[in-house]
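Visitor:
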Amino acid sequence: MNDKKVALITGITGQDGAYLAEFLLEKGYEVHGIKRRSSSFNTERIDHLYQDP
Numbered sequence: 001m002n003d004k005k006v007a008l009i010t011g012i013t014g015q016d017g018a019y020l021a022e023f024l025l026e027k028g029y030e031v032h033g034i035k036r037r038s039s040s041f042n043t044e045r046i047d048h049l050y051q052d053p
């Protein structure tokens, strides 16, 4: 059985979402995020956290 905790964060590219993602990753969570569609690819706050599975 897989006991890894998983989190889904809406608004992950915002200030609070990015902070929460980093915090949960440090705690061992598998983190998935949803961002709002926009004309710019606004991911600067989470670029250092991103891993392509």
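The opening position of the sequence shown corresponds to residue 1 in the working numbering, with each subsequent residue numbered one higher.
Idealized CB from N, CA, C, for every residue including glycine.
(1) From residue 49 to residue 4, what distance separates their C-alpha atoms?
(2) Quick check on residue 33: does DSSP put it in helix, strand or coil?
(3) Assign residue 28 to buried or exposed, taking buried as 16 or more other Cβ atoms, counted over all protein chains shown, within 10 Å of its Cβ.
(4) Cα separation between residue 45 and residue 2?
(5) For residue 6, does the count of other Cβ atoms within 10 angstroms reach 16, so buried, or fall short, so exposed?
Guide: Based on what the coordinates show:
(1) Translated into positions along the sequence shown, residue 49 becomes position 49. Translated into positions along the sequence shown, residue 4 becomes position 4. Taking the straight line from one Cα to the other gives about 18 Å.
(2) By 1-based counting over the sequence shown, the position of residue 33 is 33. Residue state, collapsed to three classes: strand.
(3) What you label residue 28 is simply residue 28 of the sequence shown in a count that begins at 1. Answer is exposed; the Cβ neighbour count stays below 16.
(4) Your numbering for residue 45 matches position 45 in the sequence shown. Your numbering for residue 2 matches position 2 in the sequence shown. The C-alpha of residue 2 is placed about 29 Å away from the C-alpha of residue 45.
(5) Within the sequence shown, the letter at position 6 stands for residue 6. Per the 10 Å Cβ criterion, exposed.
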